[in-house]
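See structure below.
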Amino acid sequence: MIKRTLVLSLSLVLLWACETKEDSSIEDNQQEDASNTAEKNEAENTEQQEESDLSQTPLEAHGQLQVKGNELVDENGKVAQLRGMSFFWSQWQAAMYNETIVDYLAQDWKVDIIRAAMAVEHEGYKTHPETEIKKVDILVQAAVKNGLYVIIDYHSHEASKDPDTAADFFGQMAKKYKDIPNVIYEIYNEPLEDDWVNTLVPYATQVIAAIRAHDPDNLILCGTRTWSQRVDEVVQQPLTDPNIAYVLHFYAGTHKQWLRDTADKARAAGLCIFVSEFGVINANGDGAINYESTKKWMEWMDDNQLSWCNWAVSEKAEGASIFKPGTPGDQTPTTADLTESGLYLRSILLDRNYDKP
Numbered sequence: 085m086i087k088r089t090l091v092l093s094l095s096l097v098l099l100w101a102c103e104t105k106e107d108s109s110i111e112d113n114q115q116e117d118a119s120n121t122a123e124k125n126e127a128e129n130t131e132q133q134e135e136s137d138l139s140q141t142p143l144e145a146h147g148q149l150q151v152k153g154n155e156l157v158d159e160n161g162k163v164a165q166l167r168g169m170s171f172f173w174s175q176w177q178a179a180m181y182n183e184t185i186v187d188y189l190a191q192d193w194k195v196d197i198i199r200a201a202m203a204v205e206h207e208g209y210k211t212h213p214e215t216e217i218k219k220v221d222i223l224v225q226a227a228v229k230n231g232l233y234v235i236i237d238y239h240s241h242e243a244s245k246d247p248d249t250a251a252d253f254f255g256q257m258a259k260k261y262k263d264i265p266n267v268i269y270e271i272y273n274e275p276l277e278d279d280w281v282n283t284l285v286p287y288a289t290q291v292i293a294a295i296r297a298h299d300p301d302n303l304i305l306c307g308t309r310t311w312s313q314r315v316d317e318v319v320q321q322p323l324t325d326p327n328i329a330y331v332l333h334f335y336a337g338t339h340k341q342w343l344r345d346t347a348d349k350a351r352a353a354g355l356c357i358f359v360s361e362f363g364v365i366n367a368n369g370d371g372a373i374n375y376e377s378t379k380k381w382m383e384w385m386d387d388n389q390l391s392w393c394n395w396a397v398s399e400k401a402e403g404a405s406i407f408k409p410g411t412p413g414d415q416t417p418t419t420a421d422l423t424e425s426g427l428y429l430r431s432i433l434l435d436r437n438y439d440k441p
C-alpha cells in the first residue's frame, strides 16, 4: 500500500513537472512570438516611414526653414540638411536655366535644392535686368513645381559698391515670392576683401531691410570676406536678423583643413553656416577632381549637418561642369551626357558615396 502510494505520488510530481515545463514553453513561445511581432511591426513601420520620406518632396519633408542657434532646422525643429546643385553664371549658361534641367535634377538626381546664380555685372542683371529676372523666375517656378528649395543668388564679387541696386532687386524678389517658403535669398555671392564690420554689415543691413519689408520669414544667406571663406569674422558683429545663415564656399582641390577649422570656430561661436557653393576641383573651377579632399569635406559637412550646393550645372568645358560640352538645356540629359564631375556628384547625391565611382 505504501509502495503504491509512493508510486502514485511520484507520478503526480512528474505529471506536474511536465505540465509546468509545457506551460513555461508555451509562455516562452508566446513571448518570443510577441517579440518577433513587435520587431516585425517596427521594421514595417520604419520601412513605411522611409518610403513615405522618399515619396515626399523636400518642401513637404521640411516646410519653412529657420535658424536655431548654429543649425538650420525645419518647421518641426528638426535639423534640415539640404543637398543640391548650383547653376552657373546666368548670362554665360542661359540654356541651362530651363525647367527641363530642374526636372531632371529633381527626379533623376534627387536634389533637395537648386541655386540660381544670377549674374549682376559682366552683361548680367545691371545690363539686362528683365532677361536675368526671367531666368531666375524659370528656376523658381520649376523648383516650386518639384517641391525643391531654390536660392536666389546675387552672383557678384563687388555688390557692396552698389547696395542700392541690390536692395532694389531683393525688394522685388521678396515682394514677388514672399508667400513661397521654397525661396532662399543669398544677398552677396562672394565678397572679395570687403571689411566685415565697416562694409559688409552696412550692405547686408540695407538689403535685409528691403527683403523683410515684404517677407518676414524666408531664410537669408549672407556672404563673407575673401570669397565667402572668413565666416569666423562674423563674430565681431553678427547680423541682428534671427533667420540668417552665413555663407561658406570651398573648392576641394584648393581648400583643406585650415578652412574647416575656420568654419568650426564660427559654428562654435553659435553661427549657422550654409555651403551655398563648393567644387570638387580647384578654386578656378577647373582641373581634375580631388577625390581624397572632397571625401573629407563631404564627411565634415555630414558630421555638422550642413546644407550644400555643388558648382556647377553647366556644359562649359571645365572641370566643375556636370554636363559635357554641347549638352542641350531643353532636352532631358542621360548619364552619357555627364562629365566625370557629373557622374561623381550624381553618385554622391543618390548613394552618399564619396569615393571615386
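Start counting the sequence shown at 85; every next residue gets the next number (the numbering used here).
Glycine included, each C-beta is placed from N, C-alpha and C at the ideal position.
In this text, all values refer to a predicted model and were calculated from it rather than measured experimentally.
Q: Only counting runs of 4 or more residues, tell me where the alpha helix (DSSP H) segments fall wholly within the segment 220-260, in order along the chain.
A: Qualifying alpha helix (DSSP H) stretches: none in this window.
(Q) If you follow the alpha helix (DSSP H) that Y448 is in, where does it begin and where does it stop? (A) Outside the displayed span of the chain (85 to 441) sits residue 448, for which this structure offers no information.
Q. Comparing alpha-carbon positions, which option in V157, D299, V234 and D248 lies nearest M169?
A. Taking the sequence shown and counting its residues from 1, the one referred to as residue 169 is at position 85. Out of V157, D299, V234 and D248, V234 has the C-alpha closest to the C-alpha of M169.
Q: Please report the residue range of the alpha helix (DSSP H) in which Q290 lies.
A: As a first step, residue 290 must be located in the sequence shown, where it is residue number 206. Unbroken alpha helix (DSSP H) run through Q290: V285 to R296.
Q: Starting from Y330, follow the beta strand (DSSP E) in both directions and report where the run begins and ends.
A: Looking up residue 330 in the sequence shown gives position 246. Its beta strand (DSSP E) spans residues I328 to Y335.
Q.
So if DSSP puts G363 in a beta bridge, which residue, or which two residues, is it bridged to?
A. On the sequence shown, position 279 is the one that residue 363 refers to. DSSP lists Y335 as partners of G363.
Q: Sort out for me which residues DSSP pairs V163 with in a bridge.
A: Along the sequence shown, one-based indexing puts residue 163 at 79. According to DSSP, which records beta bridges pairwise, V163 is partnered with V157.
Q: Please determine, among F362, K380, G307 and G354, the residue with the shortest C-alpha to C-alpha distance to Q442.
A: This structure does not reach residue 442, given that the chain is present from 85 up to 441, and the question cannot be answered.
Q.
Tell me whether the segment 399-415 and the segment 147-154 touch, counting them as touching only if at least three CB pairs, one residue from each stretch, are closer than 8 Å.
A. Too few Cβ pairs lie closer than 8 Å, so no.
(Q) Residues in the same chain with beta-carbon distance under 6 Å from E270, minus the five sequence neighbours each way, listed in chain order, please. (A) Taking the sequence shown and counting its residues from 1, the one referred to as residue 270 is at position 186. Only I235, D237, L305 and S360 meet the Cβ criterion.
(Q) Let me make sure I understand the geometry here. Which of W176, Q321 and W280 has the alpha-carbon closest to that of S244? (A) Along the sequence shown, read from residue 1 onward, the residue named residue 244 stands at position 160. Residue W280 is the option with its Cα nearest to S244.
(Q) Please return the same chain residues whose Cβ sits closer than 8 Å to the Cβ of F172, not counting the five positions on each side in sequence. (A) In the sequence shown, the residue the question calls residue 172 occupies position 88. These residues qualify, in order along the chain: M180, A201, W395, A396, V397, S398, K400 and S405.
Q. For N374, which three-state DSSP category applies?
A. As a position in the sequence shown, residue 374 is number 290, starting the count at 1. Note: N374 maps to coil in three-state DSSP.
Q | Separation of Y438 from S377, as counted between CA atoms | A | To locate residue 377, count along the sequence shown from 1; it is residue 293. To locate residue 438, count along the sequence shown from 1; it is residue 354. Distance between the alpha carbons of S377 and Y438: 10 Å.
**Q.** Enclosing alpha helix (DSSP H) for L433 [first to last residue]
**A.** Residue numbering aside, residue 433 sits at position 349 when the sequence shown is read from its first letter. Counting along the chain, L433 sits inside the alpha helix (DSSP H) bounded by residues E424 to D435.
Q: Return the CA-CA distance between D387 and F358, expressed in angstroms with no decimal places.
A: The residue given as residue 387 occupies position 303 in the sequence shown. The residue given as residue 358 occupies position 274 in the sequence shown. Distance from the CA atom of D387 to the CA atom of F358, rounded to whole angstroms, is 14 Å.
Q. Taking Cβ to Cβ, would you say A443 is nearer than 8 Å to G371?
A. The structure shown has nothing for residue 443, since the chain only spans 85 to 441.
Q) Distance, Cα to Cα, E214 vs H298? A) The count along the sequence shown starts at 1 and reaches residue 214 at position 130. The count along the sequence shown starts at 1 and reaches residue 298 at position 214. Their backbone Cα atoms lie some 21 Å apart in a straight line.
Q: Could you check the C-alpha separation between L166 and I197 for me, to the nearest Å?
A: Within the sequence shown, the letter at position 82 stands for residue 166. Within the sequence shown, the letter at position 113 stands for residue 197. Take the alpha-carbon of L166 and the one of I197: they are about 6 Å apart.
(Q) Just verifying my parser: in three-state terms, what is the DSSP assignment at S108? (A) Translated into positions along the sequence shown, residue 108 becomes position 24. At S108, the pLDDT of 47 sits below 50, so the modelled position is not reliable and the matter cannot be decided from this model.
Q | Neighbourhood of I222 by C-beta, 6 Å cutoff - its chain only, sequence neighbours within 5 removed | A | Sequence index remark: in the sequence shown, residue 222 carries index 138 (1-based). Within the same chain, I222 has close Cβ partners Y181.
Q) What are the start and end residues of the alpha helix (DSSP H) that includes Q341? A) Here residue 341 is taken as the residue at index 257 of the sequence shown, counted from 1. Looking at the DSSP string, the run of the alpha helix (DSSP H) that includes Q341 is Q341 to A352.
Q) Are the CB atoms of F334 and L343 nearer to each other than 8 Å? A) Counting from 1 along the sequence shown, the entry for residue 334 is found at position 250. Counting from 1 along the sequence shown, the entry for residue 343 is found at position 259. Taking 8 Å as the Cβ cut-off, F334 and L343 qualify as a contacting pair.
Q: Could you tell me the distance, in whole angstroms, from the CA atom of L433 to the CA atom of Q225?
A: In the sequence shown, residue 433 corresponds to position 349, counting from 1. In the sequence shown, residue 225 corresponds to position 141, counting from 1. Our two residues, L433 and Q225, have alpha carbons roughly 22 Å apart in a direct line.
Q: List the DSSP bridge partners of I442.
A: Because the chain spans 85 through 441 in this model, residue 442 falls outside it and cannot be assessed.
Q. Can you give the beta carbon distance from V151 to Q389, rounded, assuming they're within the 8 Å contact cut?
A. Start at 1 with the first residue of the sequence shown, and residue 151 comes out as number 67. Start at 1 with the first residue of the sequence shown, and residue 389 comes out as number 305. With 8 Å as the limit, V151 and Q389 do not qualify as a contact, their Cβ atoms being about 13 Å apart.
Q. By DSSP, does L379 sit in helix, in strand, or in coil?
A. The residue you call residue 379 lines up with position 295 of the sequence shown. The sequence as given places Lys at residue 379; Leu does not occur at that position. In the structure shown, the three-state DSSP call for K379 is helix.
Q: Determine the extent of the beta strand (DSSP E) in which L143 is found, giving its start and end residues.
A: By 1-based counting over the sequence shown, the position of residue 143 is 59. It is not in any beta strand (DSSP E) - L143 instead sits in the alpha helix (DSSP H) that spans P142 to H146.
**Q.** Cβ shell of W384 (< 7 Å), same chain only, five flanking positions each side left out
**A.** Counting from 1 along the sequence shown, the entry for residue 384 is found at position 300. The answer, listed in chain order, is R344.
Q: Report buried or exposed for N230, applying the criterion of at least 16 other Cβ atoms within 10 angstroms of its Cβ.
A: If you number the sequence shown from 1, residue 230 lands on position 146. Buried, by the Cβ-count rule.
Q) By how many angstroms is the C-alpha of D187 removed from the C-alpha of I365? A) On the sequence shown, residue 365 is found 281 positions in, with the first residue counted as 1. On the sequence shown, residue 187 is found 103 positions in, with the first residue counted as 1. Approximately 26 Å between the Cα atoms of the pair.
**Q.** Distance CB(L427)-CB(P441) smaller than 8 Å
**A.** Along the sequence shown, read from residue 1 onward, the residue named residue 427 stands at position 343. Along the sequence shown, read from residue 1 onward, the residue named residue 441 stands at position 357. Contact: yes.
Q. By Cβ distance below 7 Å, which residues in the same chain neighbour E277 in space, the five residues on each side in sequence not counted?
A. Along the sequence shown, read from residue 1 onward, the residue named residue 277 stands at position 193. Excluding residues within five positions, the ones whose Cβ falls inside 7 Å are R309 and T310.
**Q.** Cutoff 8 Å; reference V285; Cβ partners in own chain excluding five residues on either side
**A.** In the sequence shown, residue 285 corresponds to position 201, counting from 1. Cβ neighbours of V285 within its own chain (closer than 8 Å, five residues either side excluded): Q321 and L323.
Q. Is it true that the CB of L355 sits closer than 8 Å to the CB of Y330?
A. Taking the sequence shown and counting its residues from 1, one reaches residue 330 at position 246. Taking the sequence shown and counting its residues from 1, one reaches residue 355 at position 271. In contact: Y330 and L355 (Cβ atoms closer than 8 Å).
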